[in-house]
Amino acid sequence: MAVSSGEDRPRRALIEVTPDLVARLRDPRIVLAVVAAIGGGVALVAGYYGISGTLDPGKQLPYLISGGLGGLFLLGLAATLLFTAELASAKEAARTQRDAVDRLAVDVAELRDEVRAVLERLDRPARRTRGA
Numbered sequence: 026m027a028v029s030s031g032e033d034r035p036r037r038a039l040i041e042v043t044p045d046l047v048a049r050l051r052d053p054r055i056v057l058a059v060v061a062a063i064g065g066g067v068a069l070v071a072g073y074y075g076i077s078g079t080l081d082p083g084k085q086l087p088y089l090i091s092g093g094l095g096g097l098f099l100l101g102l103a104a105t106l107l108f109t110a111e112l113a114s115a116k117e118a119a120r121t122q123r124d125a126v127d128r129l130a131v132d133v134a135e136l137r138d139e140v141r142a143v144l145e146r147l148d149r150p151a152r153r154t155r156g157a
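First residue of the sequence shown? That's 26 in the working numbering, and the numbers climb one at a time after it.
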């Protein structure tokens, strides 16, 4: 964190690069979604400027089709890619939790068997040895 010369407290960065963020950016769907969203925004803005420059509907139609519909398609694609990436992340988290629960169930079963064995040993009458 950077500290400015006139302040005593540290300033927080606008975007902090955490290990979780780095792991998410390694997913190609996230990167493609960001690229598609930027492309869709640029297409919408370019289409708007093209349409606003003329009053002739014949000249506006190409801008509307390429900029407007193309931009909306790219934004929809970005939303779909983000949704599938989130769904995959949720499935991975559920799989991890399910594996942890399975390991705990095995541990509990082993402990139960050990406790039963100890209780059986304690319930048996002690054998007396001769001469004691």
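Think of the CB as a built atom: it goes at the ideal place given N, C-alpha and C, for glycine as much as any other residue.
Please classify Ile40: is it buried, with 16 or more other beta-carbons within 10 angstroms of its beta-carbon, or exposed?
-> exposed
Three or more C-beta pairs closer than 8 Å, one from the region 89-99 and one from the region 58-75: is that the case here?
-> yes
Ile55, buried or exposed, once every other Cβ within 10 Å from all chains shown has been counted against 16 = buried
Could you check where the alpha helix (DSSP H) with Ser114 kicks off and where it finishes?
-> 95-148
Distance, Cα to Cα, Ala68 vs Leu106?
-> 18 Å
With distances taken between CB atoms, is the gap from Asp52 to Ala104 smaller than 7 Å?
-> no
Taking buried to mean at least 16 other C-beta atoms within 10 Å of its own C-beta, is Leu86 buried or exposed?
-> exposed
If Gly64 and Leu99 are in contact, beta carbons under 8 Å, what's the gap, nearest whole angstrom?
-> 5 Å
Keeping to the same chain, check which residues put their C-beta closer than 6 Å to that of Arg49; ignore five residues upstream and five downstream.
-> Ile55
Taking Cβ to Cβ, would you say Leu112 is nearer than 7 Å to Ala61?
-> no
Among Ser114, Arg36, Asp33, which one has its Cα closest to the Cα of Leu46?
-> Ser114
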